[in-house]
Each structure stands twice: as structure tokens, then as C-alpha cells.
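Numbering (our numbering), first residue to last: 23 to 321. Positions of the beta carbon are idealized from the N, C-alpha and C atoms, including for glycine. Structure record follows, encoded as C-alpha cells.
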Amino acid sequence: ACTAACAKLLKLDEHQTIMALGMAGSMSGGLIHNFGTMTKPLHAGLVGRDGVTAVQLAQMGMTAGDQVVEHPFGFANVVLGEGIYDLDHMADNLGKPFRTQDALMIKKYPCCGGNHAMLDSLFSLMRDNNFTYDDVANAEIDQSYFSVVMLYQEPDDELKGKFSAKYNVAAALVDGEVGIDTFTEDKIAEHNGKNTMEKVNTRVMAKSEELLTESSDGLKVKITLKDGRVFEHTTARADILGSQKNPWGMDAIKEKFEDNVSRVLSSDGTARAMETWENIPELTNIAAAIKSTLVAEKA
Numbered sequence: 023a024c025t026a027a028c029a030k031l032l033k034l035d036e037h038q039t040i041m042a043l044g045m046a047g048s049m050s051g052g053l054i055h056n057f058g059t060m061t062k063p064l065h066a067g068l069v070g071r072d073g074v075t076a077v078q079l080a081q082m083g084m085t086a087g088d089q090v091v092e093h094p095f096g097f098a099n100v101v102l103g104e105g106i107y108d109l110d111h112m113a114d115n116l117g118k119p120f121r122t123q124d125a126l127m128i129k130k131y132p133c134c135g136g137n138h139a140m141l142d143s144l145f146s147l148m149r150d151n152n153f154t155y156d157d158v159a160n161a162e163i164d165q166s167y168f169s170v171v172m173l174y175q176e177p178d179d180e181l182k183g184k185f186s187a188k189y190n191v192a193a194a195l196v197d198g199e200v201g202i203d204t205f206t207e208d209k210i211a212e213h214n215g216k217n218t219m220e221k222v223n224t225r226v227m228a229k230s231e232e233l234l235t236e237s238s239d240g241l242k243v244k245i246t247l248k249d250g251r252v253f254e255h256t257t258a259r260a261d262i263l264g265s266q267k268n269p270w271g272m273d274a275i276k277e278k279f280e281d282n283v284s285r286v287l288s289s290d291g292t293a294r295a296m297e298t299w300e301n302i303p304e305l306t307n308i309a310a311a312i313k314s315t316l317v318a319e320k321a
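As C-alpha cells, then:
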């Protein structure tokens, strides 16, 4: 209501008003509907901002309820739903270790994590069997019934492309890699113009089939070549490149970091950023470290 009123007062046009309402929806809690838009990364930003704000307000003496999770009108019932969670199980072994210690993953590909196991499988098949897009007759990708990388079957911009299994597979087959330059307006237009996604088919698992399949086991990638050969590969979620179980090495992480920051920093700034952040355990002043690597212009 506040968003609608402000849109009226500020004389937003129809499109701007719709965008404002869409963002307001995610400000009540992240909405999958906004995946593939600029609001998706805003979700993470809002989490960080609101967490810091809550701590600062509490530090200044602001009050709140003291049973935010378990109260009948608290977070668990409101967000998860009454009777579908176990508070004792949620608290069991809390911090031994914290889940982030086991689940934290440094992404290899700059797209939705739902694509990563699929891409690892595809690149493994391409390396082991030496084929390219031109050799492929059909690529079949299994997907969960509720997979977020099924949101866009024919993405028309780079943000939607990040949440499109079909686009990621086509890009990997054609370009031999999936990186930052995969997700540009020109690259999306190029793939759409050449109809590269026509060879890619997604097989959505039925709900009954999913009940018999552990999501952690991974989903199958099946490649059929024009000469009749068929290759299949499945990468389990725990084995994704960059996961705790399958780290991709500090040299590879440094290479990705350098590629990212060199797009916005000068060569000196890039070197400074590399030197600063590769020694994170020894940092004593995070604010100073951040300030030393924030450069607005690329030389």
C-alpha cells in the first residue's frame, strides 16, 4: 500500500509502478518470482543490511519479542507453516559445526547454483569424449519439478539467462565455457539468433519420480551425438566443483577473482586487491581493507 501510494505521489508510469510493487514484494521476503531480474541480488543485499540494522538498533536499546522463532505467531509458524518443522531438530548440534562451514561454496560459474551440477557433468563429458556443439544431435537435461533454472526456457536478457538451464547448456556447448561474458545482452542475442537452444531439451521429473530420488544425488545429463553415440553423467550436489568436498583450488579462485575485479579496477588496483584479500586470516581492519580496494574508475 505504501509503495502504491508513493508511486502515485511521485507520478510513476505504469511500468515503473509494476517494478516498484515487484521489489516491494521481495522486501517482505525473497520471492522466486524475482529470480532473473535485478531484484534477485537485492535479496542478499537486503539480508545484509537488515541484519546489521537489527544489531545496531538492539545495541542502542530498541526492543523486540524474545521468542521470534518458536512463538505461535513467530517466524517458524508464519514462514514455514504450523506443524511441518521440528524445533528440537533445528537446534540439535547447533554450531557443531555451523552449516555454513560445510555448505559454503565458491561458485565456478556466474549463474544460478541450480545449473552447476549440470554444467560440471556436461564439461566432464565434453573433456572425456572430445565433442562440440556441432557434433551434438540432442542434449537432455533432467530437472526437478520445482527447479528455479526452469523459470526461463527462452531467456531474452542476460539476467534471465542465469536462471535458464537450456541457455547454460547451449552456451557451454557452443562456447566451451560459462563465464561473465556468457551473460551479456549481445551473447544472449547471439544464441537466440542462431537458435542454439533448439538442441537442448529439459526433462522435468514427475512429482512421483522425485519422491524416489534424493535431490542430493544429482540430476542426469544425457548427450546424443549425430553419429549415434550416447553419453550420460550425473554430478551429486556434494561433488559440485567449488564445494567443500570438491574444492577447485586457490589458484583457480585467484584467477576468477582477478578476472572479476580487473573489469572495474586498474591493473594496480587489481594487484592491490589480490594482495589484500588473499591474506584474509591476517586482516585486522576490514574497513581499511575494503577502502583500499574500492576504486570507481578503471584506468
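Outcome for residue i when other beta-carbon atoms lying within 10 angstroms are tallied against a minimum of 16
| i | result |
| --- | --- |
| G48 | Before going further, note that residue 48 is Ser rather than Gly in the sequence given. S48 comes out buried. |
| N137 | buried |
| Y189 | buried |
| S288 | exposed |
| G250 | exposed |
| I262 | buried |
| A321 | Because A321 sits at a pLDDT of 46, beneath the cut-off of 50, its placement in the model cannot be relied upon, and the point is left open. |
| L241 | buried |
As assigned by DSSP and simplified to three states, the class of residue i
| i | result |
| --- | --- |
| L316 | coil |
| L21 | With the chain represented from 23 up to 321, any question about residue 21 goes unanswered, as that position is not in the structure. |
| A159 | strand |
| S186 | strand |
| A26 | helix |
| D178 | coil |
| A321 | Confidence at A321 is low in this model, with a pLDDT of 46, below 50, so its placement is unreliable and no value can be given for it. |
| Q165 | strand |
| V286 | coil |
| V90 | coil |
| V252 | strand |
| G135 | helix |
| F10 | No information on residue 10 is available, as it lies outside the stretch 23 to 321 that the chain covers here. |
| M219 | helix |
Unbroken alpha helix (DSSP H) run spanning residue i, endpoints
| i | result |
| --- | --- |
| L141 | 138-151 |
| T75 | 61-81 |
| I210 | 207-216 |
| Q38 | 36-49 |
| L109 | 109-113 |
| Q123 | 121-125 |
Limits of the unbroken beta strand (DSSP E) element including residue i
| i | result |
| --- | --- |
| L247 | 242-247 |
| T257 | Where T257 is concerned, there is no enclosing beta strand (DSSP E), given that its DSSP letter is neither H nor E. |
| T224 | 222-226 |
Nearest-angstrom Cβ-Cβ length linking residue i and residue j, presumed shorter than 8 Å
| i | j | result |
| --- | --- | --- |
| Y174 | G58 | 6 Å |
| said: Across the region 208-218 and the region 177-187, are there enough close Cβ pairs to call them in contact, namely three or more that are closer than 8 Å? | reply: Three or more beta-carbon pairs drawn from the region 208-218 and the region 177-187 are found closer than 8 Å, and the two stretches are therefore classed as touching.
| Pairing CB atoms from the region 68-88 with CB atoms from the region 192-206, are three or more of them under 8 Å? | no
| query | For the 8 Å Cβ check, are there 3 or more pairs between the region 247-263 and the region 133-147? | reply | yes
| query | When the Cβ atoms of the region 241-253 are set against those of the region 159-179, are three or more pairs found closer than 8 Å? | reply | yes
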